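Going by the working numbering, the first residue of the sequence shown is number 12, and it counts up by one from there.
Below you'll find the structure, written out as structure tokens, and then a few comments.
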Amino acid sequence: MPTKSSIHTKKMILLYTLIILFFILIALPGCNSPEAPSEDGDPGQQDGKAAEAAATETSAAGELDQNGNTGTGERENQVQEQENTAADDPLLWEGKFSPNELGEIMILMYHEIGHPEGEWQRTPDNFRRDLETLYVEGYRLVSLNDVVRGEIDIPAGTSPVVLTFDDANRGNFNYLEQNGTMALDPDCAVAILEDFYAENPDFGLAATFYIYYPNPFRQPALIEEKLNYLVDKGFDIGNHTYGHANLSRISPTEIQRELALHQKHTEQYIPGYKVRSLALPYGASPREHAGLLLEGSYEGTSYSNEAVLLVGANPAPSPFHHNFNPARLPRIRASEMNTAGVGMYDWLDVFEANPQRRYVSDGNPNTIAVPESRLDSLDKGRTHNKEIIIILEQQESEDRSQKLE
Ligand SMILES: [Zn+2]
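Laid out in structure tokens, this is it:
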């Protein structure tokens, strides 16, 4: 079983140190030029495709065979320093979770937290179990904005996961009146996240709440307090249109009105706040006017979205992968009911069986760790001037040692 013990932490610190050492060794001109690109089986964005089908497809593309041995190692990564310190030598990692910053990232879609469990409603206990599962499986919370900007800062060997909540139902953020004062409902999403973070600070605390108006979180007297509370705690407010509009059925002017009014009202509650992403209500996109989802204006209020979230059924590509398209990011339903094989737990199983598909951090937000076999999937226009670290996969290293013998 995976561990969150201090032993693990010490190993992470050791790994980080070794990465820094290696970074220094290879920080010479020309060391990051990709070489020998090989077949890449990344699925990219394929809305509506079943997880199993996607996994099979990946296997058919040769990725599983190529790295077939990585699924059976220990969870803890082990790094071995290369004796040869030539500038273009890749870094060798062993173990299941060697760094792969071109791997896929789950953007989880929640709606209401409450009773009973439903297709669009998670009970508080099930939500707690989701967080515990993600934590134990080595996932760490990051904000959507950080993913989009390629600023994923989590420990080596862990994977980013993004939480999103649509519709601003009361169970997302609720106050209860107790003895004449208002107290945070311990069973609402915000309280559950904060409590989990207090017990497991290395899990992180991040989520985007895609709200709509006029009454987000359904306690009208507390809107201003709640929105400012969220931002103060580091959560993000996302655009879900002003009135939960189906953007595929309205005119270009109405699209801009829906998105700009959201920005305007949010800024009235939180002075200076810029909403930076949009979750499409019903997943409906205006095909001919999709550009208006990113930028537009209405009656003097302009808006700008760096990312647009679909409903989707797949993990998102890495922000450094050539398939990454922030204007169409798929999400995974955080549900166990009628998931059609593409719910959160289905994908956790896929990543468990195919760890080479998952985004795994090298622990350094200023570098991009890329398995040697995937270099051709790196979008060189999206590296944000970060250093590229080439990771030698275990199978390849074994092949090489055999050749040397
Ligand atoms: Zn909605």
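Note that beta-carbon positions come from the ideal geometry of N, C-alpha and C, so glycine has one too.
From a predicted model like this one, the values you see are computed outputs, not experimental measurements.
Neighbourhood of residue i by C-beta, 7 angstroms cutoff - its chain only, sequence neighbours within 5 removed
i, result
"Pro376", "Glu162, Ile163 and Asp164"
"Val286", "Ile248, Gly249, Asn250, His273, Gln274, Thr277 and Tyr314"
"Ala345", "Leu119, Met120, Tyr121, Arg133, Asp141 and Met355"
"Leu204", "Leu216 and Ala218"
"Val159", "Glu317, Ala318, Pro330 and Pro337"
"Gly245", "Leu216 and Ala217"
C-alpha gap between residue i and residue j, whole angstroms
i, j, result
"Val153", "Leu145", "12 angstroms"
"Gly307", "Gln267", "6 angstroms"
"Thr312", "Ala364", "48 angstroms"
"Asn180", "Glu236", "16 angstroms"
"Thr378", "Glu398", "5 angstroms"
"Ala338", "Leu320", "7 angstroms"
"Gly283", "Ala327", "30 angstroms"
"Pro171", "Glu310", "38 angstroms"
"Gly254", "Phe335", "29 angstroms"
"Glu115", "Glu347", "21 angstroms"
"Arg368", "Val361", "9 angstroms"
"Leu7", "Arg298", "The first residue shown for the chain is 12 and the last is 416, placing residue 7 beyond what the model contains."
"Gly302", "Ser296", "10 angstroms"
"Trp358", "Leu174", "15 angstroms"
"His300", "Pro263", "7 angstroms"
"Glu143", "Asp206", "12 angstroms"
"Glu130", "Arg393", "36 angstroms"
"Asn211", "Ala202", "14 angstroms"
"Pro366", "Arg385", "14 angstroms"
"Ala256", "Tyr208", "34 angstroms"
Own chain, CB closer than 8 angstroms to residue i, minus 5 neighbours either side, in chain order
i, result
"Asn396", "none"
"Leu304", "Leu258, Ile266, Leu270, Leu289, Leu291, Ser296, Pro297, Asn316, Val319 and Ala338"
"Ile234", "Asn226, Pro227, Phe228 and Tyr280"
"Asn137", "Glu128 and Glu347"
Beta-carbon proximity list for residue i, same chain, < 6 angstroms, skipping 5 on both sides
i, result
"Ala380", "Pro110, Glu112, Asp373, Ile400 and Ile402"
"Met193", "Tyr186"
"Thr169", "Gly149, Arg151 and Ser372"
"Ala64", "With a pLDDT of only 35 at Ala64, under 50, the local geometry of the prediction cannot be trusted, and no value is derived from it."
According to DSSP, residues forming a beta bridge with residue i
i, result
"Pro171", "Arg151"
"Phe220", "Phe176 and Ile248"
"Ala318", "Ser288"
Contained alpha helix (DSSP H) runs [length at least 4] in the region 251 to 286, N- to C-terminal order
263 to 280
Counting Cβ pairs closer than 8 angstroms, one from the region 198 to 217 and one from the region 113 to 133, do we hit at least three?
yes
Continuous beta strand (DSSP E) assignments of at least 3 residues falling wholly in the region 98 to 159
102 to 105, 117 to 121 and 150 to 152
Below 8 angstroms, can you find three or more Cβ-Cβ pairs linking the region 176 to 189 to the region 218 to 234?
yes
For the region 321 to 393, which segments carrying the beta strand (DSSP E) assignment without a break, of at least 3 residues, lie completely within its bounds, in sequence order?
378 to 382
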